[in-house]
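Undergrad: What follows is a single structure, and I will ask about it in a moment.
This is the structure in C-alpha cells:
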C-alpha cells in the first residue's frame with residue numbers, strides 16, 4: 468500500500484515559462500527511458516520479486532521514489548506552460564543566445580502560443596499540462612517495462628535504463644539557462660547518478676554469487692559439442708577493424724579460461740532452407756515451375772467451390 | 468551495402484510440426500528482446516557510430532549476423548507450421564508428457580487447426596508463416612531500439628537485451644522435446660552466450676577508459692552542493708531490509724571514495740506545488756473556493772461568445 | 468513524494484493456481500480500464516490540478532490508493548501462476564463444471580504449461596508474472612490517460628472508467644470459483660463501487676457550481692444564430708424508434724428551457740466540397756477530365772528534372 | 468447499410484490556408500476524443516446493441532452523423548493546406564496579433580512550406596491532406612473505442628468523450644481568427660453541446676430505471692461483510708483537504724441511505740505478499756539468503772544440460 | 468453527409484455460436500486488411516480527392532458500402548457469441564471433424580466459456596461482442612490508412628488491400644462448416660472479387676492516361692546520368708536463380724524501350740561513411756583511439772559543471 | 468546468412484547540415500512506406516517463400532539491397548545533423564527562398580538547436596541521429612509488413628509500397644536545394660523506379676500464369692448463385708458521376724466475359740439484425756421495454772451476490 472506526502476521530494480520552480488523546454492521535458496517524463504518507465508519497471512519487478520526480501524524491498528523503495536519523480540516532472544512541465552510576465556521572458560531571450568535561438572526570436576511570453584505552434588496536443592488535449600507520452604507525442608507503452616523474474620537480467624536492464632535516462636536529462640539540462648529548471652534537473656541527474664551506481668552494485672553482487680555468473684541465465688551452461696560457438700566472433704564484414712577489441716581477442720569474461728577467437732570470412736554452417744507445401748486451404752503460392760495445361764495448379768480440399 | 472548467402476548460418480529442421488511452439492518462437496523473433504530488436508539496434512548503432520572504427524565495425528558485424536538469426540527463426544516458424552505425417556506427431560505427444568500436456572491430447576497433425584484455435588492471425592494473415600510481432604500478436608515496435616550516440620549507454624542496453632534474449636530462448640527450449648528445434652535453439656543460445664560476453668567485455672573496456680567511468684555520461688560529474696544526493700539511498704518503505712545490500716552500504720562503485728548511506732524515513736525537501744492560473748482560452752478549472760454571485764467564474768479573453 | 472507500506476491494502480491468496488484466470492486478470496491490471504489506467508489518470512490529474520486544493524488532494528489520495536491496487540493485482544497474478552499441489556486443482560476442476568469447462572478437462576496443475584498453451588509471453592517474457600498489458604498481450608498505452616485541466620470533463624471520464632472497470636471486474640469474478648480470488652476481487656469491486664459514487668458526487672458538485680453547468684466547457688454558450696443546432700436530433704436512419712427517447716423529446720437537461728426536437732429526414736446544410744489544386748511539388752492527382760494531346764497534365768515548378 | 472449525400476452537413480470554407488491550424492484540427496479528427504473516435508464508438512455500440520430498439524437506433528443515427536463530421540473536418544484540413552493568395556494571408560497575419568504570433572511573422576502563403584517545417588508527414592505522406600492520426604502524428608487506435616454491451620457504462624463514456632471533444636474544439640476555435648473556420652467549428656461545437664445533453668439525458672433515463680441504479684453493473688450489489696468498503700474514503704495523504712468534499716462527507720448518491728466516511732491514516736488490511744518458488748524451467752531468481760558451497764543454487768528439472 | 472438503412476446489405480445468421488470463429492472474424496473486421504481499414508481508406512481518399520469528380524464519387528460510394536460491411540461483420544461476431552441450444556452445437560462438433568478438432572472436443576455450447584479460454588478480452592471488455600482490433604486483440608491503427616493525394620499510388624494500395632482481404636476471407640471461410648456464416652462470407656468474398664476488379668480497372672485507366680504512366684509519380688522521369696540505375700537488378704545473393712524472371716530479363720514494362728539487366732556481384736558505388744564530431748552538449752562517444760593522460764576526452768561547452 | 472560491405476551502395480554527403488530535412492528524411496527511413504518497411508517486407512516474404520526458387524531469391528536480393536538503403540538514409544540523417552560552418556549555411560538560406568522559408572530565417576548553423584525546437588527526441592534520445600520512427604516520431608510498426616504466403620497478393624502490396632515510397636522520396640527531394648542530398652535521393656528515386664517496374668513485371672508474370680488470374684486467391688471462383696455480386700457497382704451516393712468509369716461500365720478485367728453494371732439506388736438485401744440475450748454473467752443491457760415492478764430486470768446465474 469502507498470501513501471502520499473504533499474511536498475515534492477525536491478523542487479525549484481522555473482524562472483520563466485518555456486513551452487519548448489516543456490516539450491523536451493516530456494521525453495524525461497514519458498519517453499522510453501523516462502520516469503514513468505523506471506517507476507513502472509521497478510514497481511512491477513518489486514511486486515513480483517521471488518528473490519530474497521532485500522531485493523524486493525530495494526526495488527519497491529526506489530520504485531516509490533520514482534513515483535515522486537513523475538510528480539516533480541509533471542509539476543515542472545505544468546509550470547513551464549503557465550503565463551508569466553512578458554518583460555522577464557524577453558529579457559532572457561535577448562541576453563542568452565542559446566535560448567534566444569531556440570525561441571526563434573519570438574517576443575511573446577505566451578507559452579500557449581508556443582505550444583500551439585509546436586506541440587498542439589499539449590494545449591488542446593492537456594490544457595497546458597503534461598501528457599503520458601514522449602517529446603514527439605507518442606504515447607508511453609507498457610512494452611517498455613521488463614520484469615522477467617530473473618533479477619540479474621532485470622538489474623542489467625535497470626542499469627541500461629538509468630544510463631540512457633541520465634544521458635537524456637543531461638542533454639535537456641543543456642537546452643536551457645533557466646536557473647530553476649537547472650536546479651531541479653541537477654537534483655534528478657544526481658539521483659540518476661546514484662541509481663546507476665546502485666544497479667551497478669546490485670549487478671556485481673548478483674554476478675559474484677554465481678560461478679561463472681555473468682551469463683544469464685546462470686543455470687544454463689554449454690551444450691554438448693557447441694561450446695565453440697560461445698567464444699567465436701563471426702567476422703561478417705570486409706576488413707578486420709573489429710578483430711582488435713576486447714570482445715574478439717583475449718580471455719572471455721566468464722572466468723572459463725576460454726579465449727575469444729575472431730573468425731575471418733566464416734562459412735555458413737546450415738543448409739539452404741526447403742519448405743513442404745503448405746495447407747492448401749490457406750491458398751499460399753506453391754512451388755510450380757510452369758502452368759499446367761488445365762489451368763488448375765493446386766489441390767484444394769474441396770471446402771471452397773470450384774471455379775466457374 | 469549487404470550481401471546474402473543462400474545458406475543459413477546454422478540449422479536443424481524440426482522433427483514435427485507444432486503450432487504452439489511456432490507461436491512461442493514468435494517471441495524470440497518479434498518480441499521486445501527478440502532477434503528483430505537486436506538486429507535493428509546493432510545496425511542503427513553501427514550506421515551512426517562516431518566512435519573509433521573498431522566499435523562501428525564490431526556493431527555492424529554482429530548486426531549482420533543477427534539478420535541471419537531473423538532468417539533462421541523465420542525458417543523455423545514456417546517449418547513448424549507445415550504439414551507432417553500424422554503418426555509421428557501422435558507418437559511423440561503420447562510418449563512425452565510435457566509436450567502432450569501442451570498439445571492438450573490432440574491427435575491431429577494439422578498445425579493449421581492448432582493455429583486457428585490459438586493464434587488465428589498466423590493462419591489468416593501469414594498463411595502459416597511468421598509475423599513481425601511477438602507471441603501475443605502485438606507488432607514489433609521501432610521504439611524498442613536505442614541508438615543514443617553514447618556507446619557506454621548503448622552497450623549496457625545491448626547487454627541487457629542479450630540477457631533477456633538468452634533467458635527467453637532457454638525458456639522456449641524447455642517447452643519442447645523436438646530434437647531439431649532443440650538443436651537449432653541450442654546454437655542460438657550459445658551465440659547469445661557469446662554476445663552477452665561480448666558486450667560485457669566492451670562495456671568493461673569503455674568503463675576502463677574513463678575515470679570515474681561507470682556513470683553515463685562520464686563527462687558530467689557532480690553539481691555544486693548536490694553531491695550528497697548521489698550516494699544516499701532513500702528508505703521510503705517501512706522496515707529496513709534494503710539497508711543491507713551492496714547498494715546501500717559500503718563504498719560506491721565509482722571509485723570516488725564515497726560510501727553509500729541509507730536514509731531511514733527521509734523528509735521531503737521540496738514545497739507543496741503551486742500553480743498560476745492557466746490561459747483562460749484553454750478553459751481549465753481554476754482555483755475558486757465558491758461560486759460567485761453573478762455565475763461568471765472566469766475571465767475569458769473574449770474570443771469566444773459570452774454565454775446566452 | 469510517496470511512501471510504501473509493505474502490507475497490501477487487502478488480500479486473500481488464491482486457493483489454487485489458474486493461468487487462465489491470471490490472463491483474465493491482466494485485463495483488470497493493464498487493460499484500457501484497468502488499475503494502471505486509473506492510477507496514472509488520477510495521479511496526472513492531481514499533479515497538475517489548478518482547481519481548489521480539495522480537488523487536488525482528493526485526486527492524489529485516490530490515485531495513491533490505486534497504486535496499491537496495481538500491487539494487489541500483480542500479487543494475485545503472480546500467485547495464480549505459481550506451482551500448487553496437483554490433487555487439489557484436479558478436485559476443483561472435477562467438482563465445478565464452470566471451471567472444468569474453462570480448463571478443458573486438463574488434469575495438470577502446471578500453470579506454466581497452461582500459459583505456454585494460451586499466453587506464452589507471460590511465461591517467456593515475464594517468467595510467470597504479470598505484464599503491463601491487457602489480456603490479449605497488447606501493451607498498456609499512455610494514450611488511455613486524460614488529464615485535460617478541466618475537472619468536470621475529467622471527472623466524467625473518471626466516472627466512465629470506473630463504470631467500465633467495475634463491470635469488467637464483475638465479469639472476471641464470474642469466471643472463477645476460487646474463494647481466495649473471489650474474496651480479493653470482491654474487495655476491489657466494493658472499492659470500485661465507492662469510486663463510482665465518489666466521482667458521481669464530485670461531478671454533481673461541479674455541475675451545481677455553474678449555470679447552466681452541465682455542458683463542458685461551461686464558459687462557452689451558444690453562438691449567434693446557431694442555438695438551434697444544440698437541441699435538434701438529426702434522424703439519419705429510416706424509421707423513428709429513436710424519436711421517443713429522453714434525448715429527442717422533452718426538455719433539455721441544461722435548464723435552458725429549450726426542448727429537444729427530432730428532425731425527420733433532415734437535409735444537408737452544406738455544399739459539395741470543392742478543392743483548389745494542390746502544390747504541384749507534391750504530385751497529387753489534379754482534376755483533369757481527359758488526357759491532353761502532349762501527354763503533360765501538370766505544371767510542375769521545375770525543381771525536379773523533366774521526364775526523359 | 469449506409470448511403471452518402473454529396474453535400475456536407477454544414478460548412479463554411481476557410482478564408483485562408485493555415486497549416487498550423489490544419490495540424491491543430493488533426494486532434495479533432497484523429498485524436499483520442501476526435502470525430503473518428505465517436506464515429507467508431509457509436510457505430511460499434513449500435514451495431515451490437517442488445518437493448519431496446521430505441522437505444523440501438525439512437526446510437527446508429529448519431530454514429531451516422533459523426534461520419535459526416537469526419538467528412539467535414541477532412542474537407543476543412545484539406546482546404547487549410549491548399550494554395551491561397553499571398554496578399555490576403557499576409558494582411559491577416561499583420562492585422563491580428565494572435566494569428567501573427569502563431570505564424571511567427573512568416574509572410575508566405577505556402578501552406579506546404581509550413582507543413583514541411585512543422586508536420587512534414589502531412590506533406591510527405593498525405594500530400595497536403597489529413598491523416599487518421601492526432602496533432603502529433605500518432606495514429607488513431609482502435610483501443611480508443613469502448614462498446615461493452617452495458618449501455619449505462621457506455622453512455623457514461625460517450626458523455627465523457629463528448630465533454631473532452633467539445634473542450635478541445637473550443638480550444639482550437641480560440642487559435643484562429645479565420646471566419647470560415649470559426650463558423651464551421653461553431654456548428655460542430657453546437658452539435659457537441661447537443662450530444663453532451665443527449666448522453667446526459669440517456670444516462671439519467673437509464674439510471675432512473677434501476678434502484679439503486681447509479682453503480683454499474685446495477686445487478687451487483689454489496690458482498691457479505693464488505694459493504695463498508697463501498698463508502699469509506701481512504702485518506703492516504705497527509706492533511707485532510709479532501710475530507711470536506713461531497714465525496715467524503717454526507718450521503719452517498721446511491722440512495723442507499725449510507726453516508727460517506729473519511730478514514731484518516733487508515734491501516735493496511737492485507738499481509739506482506741509471499742510467493743512460492745516459480746517453475747525452475749523459467750529460471751527466475753528464487754529466494755536464497757546466501758550462495759551455497761557447491762555454487763549450485765537451483766534445482767532444475769533436467770530439461771536443459773548441466774553446466775560444463 | 469451519410470444516412471443509415473436499418474437493414475443489412477446482405478446477411479444470413481450463423482447456425483450456431485462459435486467463439487473461435489468469432490475471434491477469426493475479428494481479423495476480417497479490425498485487422499490491417501479488414502473492413503475498418505478499407506472503409507477508412509476509401510472514405511479518406513474520397514473526402515480529400517482533388518481528381519475528377521468521378522474518382523471522388525466512386526471512392527465515396529465504395530467507402531460507404533464498406534461501412535455496411537463493418538456492420539455485417541459486427542453483427543456476425545455478436546451472434547457467434549450469443550447463447551445457443553446445447554444439443555445442436557454438440558451434434559455439429561461430433562459430425563464434423565474439422566470443427567470438432569478446432570473446438571477441441573468441448574461439449575459446451577457456451578461461447579462465453581470459449582472466449583474466456585481463448586480471447587478473454589472479448590468477454591471481459593466487449594461483453595461478448597466485437598472490438599476494433601484484429602484476431603490477436605491488437606487494436607486497429609490509423610497508420611493502416613493511406614490517402615496520399617496521388618490516385619495511382621492509392622489505387623494500387625487499394626488493390627493490394629482487397630487482394631489480401633479476399634485471401635483472408637477465403638481462409639476464414641475454410642475454417643467453418645456453419646452454413647449461415649459461409650453464406651454471409653460468400654457474399655463478402657464476391658464483393659471483394661468485385662472490388663479487386665474495380666481497382667484493377669481504375670489502375671489501368673489511370674496508367675493509360677500517362678506516357679509512360681506506370682511509375683508513380685508519373686511527372687518525374689529519370690535524372691541526368693542516373694537512368695541506368697532504373698533498369699539494373701542488383702544480384703546481391705550467391706547464385707543467379709533470380710536472373711531468369713521477368714524483372715531481370717527482357718523489356719521493362721514502362722514502354723521506354725529499355726531492357727532490364729541483371730548485375731552479377733555488383734560493386735558498391737559509395738564510400739565508407741565518415742562523420743564529423745557531434746555537438747559535445749549531446750555527450751555522444753567521439754572517435755578517440757586511446758585515453759588521454761588527463762582523463763578528459765571531450766571538449767564540453769561549459770554549460771554543465773566540470774567533474775568534481 | 469548475410470555479409471556486410473563497409474562501403475555504401477551509393478552516396479553523396481550533404482553540403483550543409485539541415486535538421487528540418489533530417490526530420491523529413493525520417494519518413495523515408497521509418498515511415499509506413501519507408502526503407503525499413505520494404506526491407507523487412509521483402510526479407511520476410513523471401514525467408515518464408517514456398518514458390519519457385521526464382522521468386523525466393525529475387526525477394527531476398529532486393530530485400531538485401533534495401534538493408535543498404537536503410538544504411539544510406541541513416542548515414543544521411545546523421546550527417547544532416549552534424550555541426551557545419553556557420554557562414555555557408557547562412558549564405559544558402561539567404562540565397563534560396565525555398566530553404567530560407569523553411570528555415571524561418573534562422574541564422575544559426577546549429578542543427579542541434581533546430582532539432583531541439585522541432586523534433587527534440589532526435590537530439591535527446593538519439594543524440595543527433597536517426598530513430599526507427601517516422602517524421603512525426605511515431606515508431607515503426609511490425610504491422611506495416613505483410614508476408615501472406617500468396618505471392619500475387621504480396622507482390623501487389625510491394626508495388627503499392629514502392630509507389631508510395633517513390634512519391635514520398637520525390638516530395639522530400641523538392642524540399643531541399645542541397646546538391647549532395649539531391650544526388651543521394653536521386654539515386655534512391657531511380658532505384659524506386661526500378662523496383663516499381665520490377666514488381667509490375669512480377670505481378671504481370673503471375674497473373675499470366677492463371678486463368679482468370681487477376682483475382683486473389685485465384686483458386687477461388689464464384690459461389691453458386693452469387694456471381695452477380697462480383698460485377699455490380701452499388702451506387703450508394705446521390706448522383707451518378709461514378710457510373711461512367713472503367714469500374715462501372717464495360718467488360719470486367721477478369722476475362723470472364725462479364726460486364727460491370729452500375730446499380731442506381733440499390734435496395735438492402737439483408738434483414739434488420741436481431742440478437743439473442745447475451746450471457747447474464749456478462750451484465751450486458753438486455754432488451755426490456757420498461758422497468759419491472761420488483762426492480763429486478765435480469766436473471767443472473769447466482770454466481771454474484773444478490774443486491775442488498
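Protein chains in written order, with my numbering: chain A, 468 to 775; chain B, 468 to 775; chain C, 468 to 775; chain D, 468 to 775; chain E, 468 to 775; chain F, 468 to 775. Virtual Cβ for every residue (Gly too), placed ideally from N, Cα, C. From a predicted model like this one, the values you see are computed outputs, not experimental measurements.
1) Is the stretch 711-725 of chain F touching the stretch 475-487 of chain D, taking contact as three or more C-beta pairs under 8 Å?
2) Taking 8 Å as the CB-CB cut-off, is residue 469 of chain B touching chain E?
3) Could you work out which residue in D/594, D/474 and D/521 is closest to residue 672 of chain D when comparing CA atoms only?
4) Measuring CB to CB, does residue 656 of chain E end up less than 8 Å from residue 636 of chain E?
5) Closer than 8 Å, CB to CB, is residue 695 of chain D near chain A or not?
6) Enumerate, from N- to C-terminal direction, the unbroken beta strand (DSSP E) stretches of 3 or more residues contained entirely within the stretch 705-766 of chain C.
7) Suppose contacts are defined by Cβ-Cβ distances below 8 Å. Is residue 742 of chain C in contact with residue 517 of chain E by that definition?
8) For my contact list, residue 601 of chain A and residue 494 of chain A are in at a C-beta cut-off of 8 Å; report their separation, rounded to the angstrom.
9) Locate the alpha helix (DSSP H) running through residue 633 of chain E, then write down its first and last residues.
10) With a threshold of 8 Å between beta-carbons, can residue 432 of chain F be considered close to chain C, or not?
11) Return the CA-CA distance between residue 731 of chain C and residue 584 of chain A, expressed in angstroms with no decimal places.
12) Using the DSSP secondary-structure output, state which residues sit across from residue 699 of chain A in a beta bridge.
13) If contacts are defined as beta-carbon pairs under 8 Å, then residue 606 of chain D and residue 496 of chain D qualify, I think. What distance do you get, rounded to the angstrom?
14) In three-state terms, what does DSSP make of residue 470 of chain C?
15) Going along the chain, which residues of the stretch 605-620 of chain E sit with their C-beta nearer than 7 Å to a C-beta in chain D?
16) How big is the Cα-Cα spacing for residue 525 of chain B and residue 619 of chain F?
17) Any idea if residue 675 of chain D is buried or exposed, counting beta-carbon neighbours within 10 angstroms, 16 or more meaning buried?
18) Determine the extent of the alpha helix (DSSP H) in which residue 598 of chain F is found, giving its start and end residues.
19) Is there contact here, the stretch 524-539 of chain F with the stretch 636-647 of chain F, by at least three beta-carbon pairs under 8 Å?
20) Mind pulling the chain B residues with CB within less than 7 Å of residue 742 of chain A?
TA: In brief:
1) no
2) yes
3) Ranked by how close their Cα comes to the Cα of residue 672 of chain D, the residues D/594, D/474 and D/521 have D/521 in first place.
4) yes
5) No, because no Cβ of chain A sits closer than 8 Å to the Cβ of residue 695 of chain D.
6) 728-731
7) The answer is yes: Cβ separation under 8 Å.
8) 5 Å
9) Residue range 618-640 is occupied by the alpha helix (DSSP H) that includes residue 633 of chain E.
10) The question about residue 432 of chain F has no answer here: the residues shown for chain F are numbered 468 through 775.
11) Distance between the alpha carbons of residue 731 of chain C and residue 584 of chain A is about 42 Å.
12) A/728
13) Rounded to the nearest angstrom, the Cβ distance from residue 606 of chain D to residue 496 of chain D is 12 Å, too far for a contact under 8 Å.
14) strand
15) 606, 607, 608, 609, 610, 612, 614, 615, 616 and 617
16) 39 Å
17) Exposed, since its Cβ has fewer than 16 Cβ neighbours within 10 Å.
18) Counting along the chain, residue 598 of chain F falls outside any alpha helix (DSSP H), and DSSP gives it neither H nor E.
19) no
20) 545, 546 and 549
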